[in-house]
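Trainee: Structure below; questions to follow.
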Amino acid sequence: MRPPTETPHPVGRRAVKVTAAACALGLLATATAIPNWTGAAGPAQSPPSPSTTAASQPAVSQCPSPAALTAAQLKARAQQKLDPSPTHLPASTPAQQALKAVTVGPSGCDAIPGRFAYVHLLQWATDTTIAGNNATTRIVLFEEQRWRADDASGRVIRSRYPTGTRPTDDSTYKPGELDGPIGPIAADPAALSAHIDSTQPRFLGPTAVIRGLASLLGWRTPHQAARTAVLTVLRDTPGIAYHGSVTDRAGRTGIGVSATFDDIRFLLILNPSTGELLAYERAALTPPPGSDRTGPLVDDYHLFLVHTRATSSGNS
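Numbering follows this note's numbering, in which position 48 of the sequence shown is assigned residue number 94; successive positions increment by one, without gaps.
Below you can see the structure in the form of structure tokens.
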């Protein structure tokens with residue numbers, strides 16, 4: 047079996063290939079909880095270390111542990127009315143200035159131990175079928191649970207709706223079989239930039255940084271220092287736009303950073319308190335030639351339910 051790459055998965059044989067997320071003081075409220083459809087249980091985790099005193103330590107929200115959706119829940123989520131147009135963004139300012147005011151704080155997931163990064167996400171991706179000179183587009187919803195160790199081994203459980211021929215796939219990968227740089231995500235901005243360069247060609251400009259970070263963060267759980275490096279790389283990349291307060295598809299409020307090339311906009315939504323990736327969006331701002339689309343459309347959307355760690359991938 048061909049191991050998954052660190053880019054979003056194409057949908058079907060004829061799918062369109064999609065790529066594998068204001069004043070800062072006014073944005074430091076904790077992001078809202080994931081809605082009930084994510085469930086309440088998840089991989090076994092240890093609770094975060096308690097603060098020594100309420101006065102000496104800032105409040106840190108609990109690490110979420112959403113359960114995998116049942117087939118019925120995934121179908122219901124996929125059938126919910128969803129605006130397919132790109133996320134509305136406030137007026138932009140250069141990220142080089144705006145991100146200087148953003149401080150990355152601790153996350154409740156930082157204290158969770160384990161050799162595996164564990165990422166749980168939902169992905170809406172376009173599936174385009176071509177018949178003659180006509181192209182018809184539909185949206186397919188995936189749910190993925192990803193376990194990745196630093197040696198590039200791990201496990202992926204993937205479900206989808208509509209189900210297709212394989213509604214659920216559960217694959218295990220030996221060391222080196224998962225794509226991407228070996229080791230944890232870099233906490234040094236220069237090393238992180240090198241990791242991005244290994245996944246995305248820099249001649250694409252600032253969009254390569256957005257896409258590269260979405261690819262790396264889609265499979266890894268960065269600690270506080272690494273999340274700070276992420277903000278530093280975004281801040282130091284010319285052409286990255288900052289959008290202030292942006293809402294993701296779970297209703298959580300974050301800060302948006304984006305870059306656009308050839309009428310394709312790439313957007314990351316980050317938790318304003320912790321720097322954790324909440325969502326990634328790839329949107330076509332104009333319809334492709336010959337498409338049945340009539341206006342802008344989201345080609346790919348990743349909603350990250352949690353980035354944490356796990357001692358086991360659950361397949362032993």
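For each residue, glycine too, the CB sits at the ideal point set by N, CA and C. For clarity, every value in this text was computed on a predicted model and none was experimentally measured.
Just to confirm the assignment, what range does the beta strand (DSSP E) spanning Ile310 have?
Mentor: As a first step, residue 310 must be located in the sequence shown, where it is residue number 264. Here the beta strand (DSSP E) through Ile310 covers 310 to 316.
Trainee: Kindly provide the ranges of any beta strand (DSSP E) runs that are 3 or more residues long and lie completely inside the region 205 to 290, ordered along the chain.
Mentor: Correct list: 214 to 219.
Trainee: Helix, strand or coil for Pro123? Go by DSSP, reduced to three states.
Mentor: Looking up residue 123 in the sequence shown gives position 77. Per the sequence shown, residue 123 should be read as Arg rather than Pro. In the structure shown, Arg123 sits in a helix (DSSP, three-state: H, G or I).
Trainee: Check whether the Cβ atoms of Ala287 and Tyr164 sit closer than 8 Å, and answer yes or no.
Mentor: Stepping through the sequence shown from its first residue, residue 287 is reached at position 241. Stepping through the sequence shown from its first residue, residue 164 is reached at position 118. The answer is no: Cβ separation not under 8 Å.
Trainee: Here's the rule: buried if 16 or more other CB atoms are within 10 angstroms of the residue's CB, otherwise exposed. What is Ala232?
Mentor: In the sequence shown, counting from the first residue as 1, residue 232 sits at position 186. Its Cβ being crowded by 16 or more others within 10 Å, Ala232 is buried.
Trainee: Have a look at Asp197, Pro208, Ile176 and flag the residue whose alpha-carbon is nearest the alpha-carbon of Arg123.
Mentor: The residue given as residue 123 occupies position 77 in the sequence shown. The option with the nearest alpha carbon to Arg123 is Pro208.
Trainee: Using CA atoms only, rank isn't needed, just tell me which of Arg212, Pro110, Pro130 is closest to Gly341.
Mentor: Here residue 341 is taken as the residue at index 295 of the sequence shown, counted from 1. Out of Arg212, Pro110, Pro130, Pro130 has the C-alpha closest to the C-alpha of Gly341.
Trainee: Please state whether DSSP places Thr157 in a helix, a strand or coil.
Mentor: Along the sequence shown, one-based indexing puts residue 157 at 111. The question names Thr, yet the displayed sequence has Ala at residue 157. It is coil, neither helix nor strand.
Trainee: Which residue's Cα is closest to the Cα of Ile228: Ala195, Thr211, Ala236?
Mentor: Within the sequence shown, residue 228 is the residue found at index 182, counting from 1. Answer by Cα proximity: Ala195.
Trainee: For Phe249, count the other beta carbons within 10 Å of its own beta carbon; 16 or more makes it buried, fewer makes it exposed. Which is it?
Mentor: In the sequence shown, counting from the first residue as 1, residue 249 sits at position 203. Counting Cβ neighbours within 10 Å, Phe249 comes out exposed, since fewer than 16 surround it.
Trainee: Could you tell me the distance, in whole angstroms, from the CA atom of Arg201 to the CA atom of Trp193?
Mentor: Position 155 of the sequence shown, counted from the first residue, corresponds to residue 201. Position 147 of the sequence shown, counted from the first residue, corresponds to residue 193. The alpha-carbon atoms of Arg201 and Trp193 are separated by roughly 5 Å.
Trainee: Can you tell me the Cα-Cα spacing of Ala329 and Ile310, whole angstroms?
Mentor: On the sequence shown, position 283 is the one that residue 329 refers to. On the sequence shown, position 264 is the one that residue 310 refers to. Ala329 and Ile310: Cα-Cα distance of roughly 6 Å.
Trainee: With DSSP collapsed to three states, give me the class of Ala105.
Mentor: Working through the sequence shown from its first residue, we reach residue 105 at position 59. Ala105 falls in the coil class under three-state DSSP.
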